[in-house]
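**Q** With my numbering, the residue at position 32 of the sequence shown is 1089, and numbering never jumps.
Just passing along the structure, written as structure tokens.
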Amino acid sequence: MSDVQGALVQGPQQQGVIPTNRTRRRGIGRGTRTRTRIHSTGLAPHQLPALLARLEALMPYSIPLLRRIQFHLHEEPASESARVFVAVADATDGDSADGDGDGDGDSWRGKGIRDGNGDDDDAEFVDRWLRAKKSGERVETKGRADAAGGETGEAVTRPQPWVAAHIDLANAGQSQVWTFASWEADEDDGLYPLPSSSSAAAPASTSALQSPPSPSPSPPDSLPHGSPLPSDSSTPTPTATTVHHALMHSLFEYIHTTLIPRLPTSPPPSWLELQRTGKYLTTPYSRDKVLFATVCEKLWGYFPPEARARTDDGYWKYLFRVAQQEEEEEEQTGRVSTWSALPAPVPPSSSTSASASPSEPTPPLPPTYRFGPMQPSHLQAVLDRTPIPRTLATLRQYVSLGVFYRDQPDPIGWGFLGKDASLSSLHTEPEHRGRGLAVALGRELLKRQHVVSPFAAAAEVAAQDEAATAKTPSTATPVSPAGSYTWAHADVSQSNTASRRVMEKLGGTPRWMVMWTEVDIERVVSLSSRT
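This is how it looks when you write it as structure tokens:
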């Protein structure tokens, strides 16, 4: 289940891309050479709560992956195909205590960069990194820590960049990978650092969320908010960019070498069903095609365009704050109910009309309308009306809710929370629009969001496996004896004015762009190896 991979990266003097197979002990010319080893592995179940704590510390940026892993823990604990992957960069200056070799050679990504197993056990390093007390703490390789006289291998220095992903390749044609990179967290946009649950009275956080820059559609060849592609001149230093590329490459390589070979070469029945019903698919089938979901704009440049089989971009990531109420039974099961206590709506962008007043509460359903469960026949009707590649089995896993009119048996509106708890597919039939049904439906769905805290997750894992010992407390800060707030999110096409208006009425704010992209993973690995 684990993939051991060590890649040596050096800089900042080295900016070229020259293949090498050996490590250089000393820098060339003046200055100190920085050497970075990429430690990567698939996680065991008992390690997931510690990763959740890391992800919580970087909320709301990490929300898609955090919620996807929480869904996995609560709804898919017995999944045989799902994997959670982590890669951590371990940088040192000057000679490495575990370095070997000298002289020039040929590499994967630049002078002093190589693939191959490191001298340290990657799984052990990642485990110590996960158990570090703070997400910003630095974990040294065992050899260097011992050489420095350290007992635990931990020292508080600069943070280490990292990548994590939830991967389930069983769902061919549907979303298969959710990934998060630590450099997605933006220290300058007013949201960071902000844990998943904080005091609702915190004025800085509230102000930041209520006053985002007004977004506007961006040209296809640029990123919104001025966010650059990794090759842009305003990107991180060459060394940081190279390390980020190495981390992403380790993820692609893990999928390519460890997971893809386990798949059958013929299409599974679920893929054939998607093809039969005319869903969005790329043909012919290939097990090397992997669909990455809700990829943040800061990672787009790591997916070579020539390796993309299809791409759906132009989606805004909307963020919401939702108050949560904990009860004893829910704490025992790891579920946390939420109810909407969203901040005042922000002024709308130029593409939308005026939003509701901050003091104007969202109205309940009008008379003659009611909420009700979505039956399998209703879900099939929803599938038949959309080209989005989902199967009935997938849709039945989602949190769903219908709006019914009078005593009619079929819903006139519906909505879902996906596997990453994103608010999605809100729909109201045309003859029932203009009555606030979509807003009421969205708010009710947000109330039904289930959050698994790291502490509760650890308790669940420990109950399933007596050997599990990782128990990480939640970062939630109470706002009352009974509650706190957490985050929710949605992905909305920038051209869908009606849906964007609903999001803003719910208090949502667009923060960054995301895409879905299906890539030929073999080609991605090949291209990223020589980029």
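The C-beta atom is built at its ideal place from N, Cα and C for all residues, glycine as well.
Just so you know, these numbers come straight off a predicted model, no measurement behind them.
How far does the beta strand (DSSP E) with aspartate 1548 in it reach, from first residue to last?
**A** Unbroken beta strand (DSSP E) run through aspartate 1548: 1540-1550.
**Q** Are glutamine 1432 and leucine 1449 touching if we call contact CB-CB under 8 Å?
**A** No, they are not a contact pair.
**Q** Please work out which residues of its chain come closer than 6 Å, Cβ to Cβ, to tryptophan 1573, disregarding the five sequence neighbours upstream and downstream, and give them in chain order.
**A** Taken in chain order, the residues that qualify are Ala1350 and Asp1369.
**Q** For aspartate 1467, I'd like the list of residues in its chain whose CB is within less than 7 Å of its CB, leaving aside the five on either flank, ordered along the chain.
**A** His1435, listed in sequence order.
**Q** What does a CB cutoff of less than 7 Å around glutamate 1579 pick up in its chain, not counting 5 residues either side in sequence?
**A** So the qualifying residues of the chain are His1313 and Asp1345.
**Q** Nearest-angstrom Cα distance between leucine 1112 and valine 1581?
**A** Each residue's alpha carbon lies about 26 Å from the other.
**Q** Can you have a look at glycine 1550 and say buried or exposed, based on whether 16 or more other CB atoms are within 10 angstroms of its CB?
**A** For the sequence presented, residue 1550 should be read as serine rather than glycine. Counting Cβ neighbours within 10 Å, serine 1550 comes out exposed, since fewer than 16 surround it.
**Q** Per DSSP, what are the beta-bridge partners of proline 1567 in this structure?
**A** Answer is Tyr1375.
**Q** Near glutamate 1575, what residues of its chain come up, given a Cβ to Cβ distance below 8 Å and the 5 sequence neighbours on each side ignored?
**A** The answer, listed in chain order, is Thr1339, Lys1346, Val1347, Leu1348, Phe1349, Arg1365, Ala1366, Arg1367 and Thr1368.
**Q** Are the segment 1215-1227 and the segment 1117-1125 touching by the rule of at least three beta carbon pairs closer than 8 Å?
**A** The segment 1215-1227, when compared against the segment 1117-1125, does touch it at the 8 Å Cβ threshold.
**Q** So what does DSSP say about tyrosine 1311, is it helix, strand or coil?
**A** Of the three classes helix, strand and coil, the one that applies to tyrosine 1311 here is helix, per DSSP.
**Q** At the level of alpha carbons, what is the spacing between glutamate 1388 and alanine 1380?
**A** Low confidence applies here, because glutamate 1388 scores a pLDDT of 42, under 50, leaving its location unreliable; read the following figure in that light. One C-alpha to the other measures close to 16 Å.
**Q** Do lysine 1336 and isoleucine 1445 have their C-beta atoms within less than 8 Å of each other?
**A** In this structure, isoleucine 1445 lies closer than 8 Å to lysine 1336 by Cβ.
**Q** In chain order, what residues of the same chain have a beta carbon less than 6 Å from the beta carbon of serine 1232, not counting five sequence neighbours either side?
**A** Excluding residues within five positions, the ones whose Cβ falls inside 6 Å are Leu1348 and Ala1350.
**Q** Count the other CB atoms within 10 Å of the CB of threonine 1322; is the residue buried (16 or more) or exposed (fewer)?
**A** Threonine 1322 should be labelled exposed.
**Q** Under DSSP, the alpha helix (DSSP H) around leucine 1348 begins and ends at which residues?
**A** Here leucine 1348 belongs to no alpha helix (DSSP H); instead the beta strand (DSSP E) covers 1346-1353.
**Q** Return the chain-ordered list of same chain residues with a C-beta closer than 7 Å to the C-beta of alanine 1227, the five sequence neighbours on each side being excluded.
**A** Correct list, in chain order: Ser1138.
**Q** Here's the rule: buried if 16 or more other CB atoms are within 10 angstroms of the residue's CB, otherwise exposed. What is alanine 1135?
**A** Counting Cβ neighbours within 10 Å, alanine 1135 comes out exposed, since fewer than 16 surround it.
**Q** So, helix, strand or coil for serine 1479, using DSSP?
**A** Serine 1479: coil per DSSP, three-state reduction.
**Q** Among Glu1486, Leu1376, Asn1553 and Arg1492, which one has its Cα closest to the Cα of tryptophan 1544?
**A** Residue Leu1376 is the option with its Cα nearest to tryptophan 1544.
**Q** Quick one: what's got a C-beta closer than 6 Å to arginine 1463's C-beta in the same chain, skipping five residues either side?
**A** Closer than 6 Å at Cβ, skipping near neighbours: Thr1425.
**Q** Can you give me the start and stop residues for the beta strand (DSSP E) that threonine 1236 sits inside?
**A** It spans 1234-1238 - the beta strand (DSSP E) in which threonine 1236 sits, taken as one unbroken run.
**Q** With DSSP collapsed to three states, give me the class of aspartate 1184.
**A** Aspartate 1184 falls in the helix class under three-state DSSP.
**Q** From the DSSP output, in three-state form, read off aspartate 1467 for me.
**A** In the structure shown, aspartate 1467 sits in coil (DSSP, three-state: anything other than H, G, I, E or B).
**Q** Locate the beta strand (DSSP E) running through arginine 1333, then write down its first and last residues.
**A** That residue, arginine 1333, is in no beta strand (DSSP E); its alpha helix (DSSP H) goes 1326-1333.
**Q** Tell me where the alpha helix (DSSP H) around phenylalanine 1128 begins and ends.
**A** Run containing phenylalanine 1128: 1120-1132, per the alpha helix (DSSP H) assignment.
**Q** Since phenylalanine 1461 sits in a beta bridge, which residues does DSSP pair it with?
**A** For phenylalanine 1461, which the question treats as bridged, DSSP gives the partners Arg1427.
**Q** In or out: glutamate 1310 buried (at least 16 other Cβ within 10 Å) or exposed?
**A** Counting Cβ neighbours within 10 Å, glutamate 1310 comes out buried, since at least 16 surround it.
**Q** Do alanine 1148 and proline 1097 have their beta-carbon atoms positioned less than 8 Å apart in this structure?
**A** Before going further, note that residue 1097 is serine rather than proline in the sequence given. No.
**Q** Is DSSP giving isoleucine 1085 helix, strand or coil here?
**A** For isoleucine 1085, the pLDDT reaches just 27, beneath the cut-off of 50, and the residue's location in the model is therefore unreliable, leaving the point undetermined.
**Q** Would you check if the distance between the CB atom of glycine 1493 and the CB atom of leucine 1483 is smaller than 8 Å?
**A** Not in contact: glycine 1493 and leucine 1483 (Cβ atoms no closer than 8 Å).
**Q** Is glycine 1230 closer than 8 Å to leucine 1331 when the C-beta atoms are compared?
**A** Their beta carbons are under 8 Å apart, which means leucine 1331 touches glycine 1230 by this criterion.
**Q** Alpha carbon to alpha carbon, how far is proline 1324 from leucine 1440?
**A** In a straight line, the C-alpha of proline 1324 is about 21 Å away from that of leucine 1440.
**Q** Starting from isoleucine 1445 and walking both ways along the alpha helix (DSSP H), at which residues does that stretch end?
**A** Element bounds for isoleucine 1445: n/a, residue is neither H nor E.
**Q** Look at the alpha carbon of histidine 1131 and the alpha carbon of proline 1341, and state the distance between them as a whole number of angstroms.
**A** Taking the straight line joining both Cα atoms gives about 34 Å.
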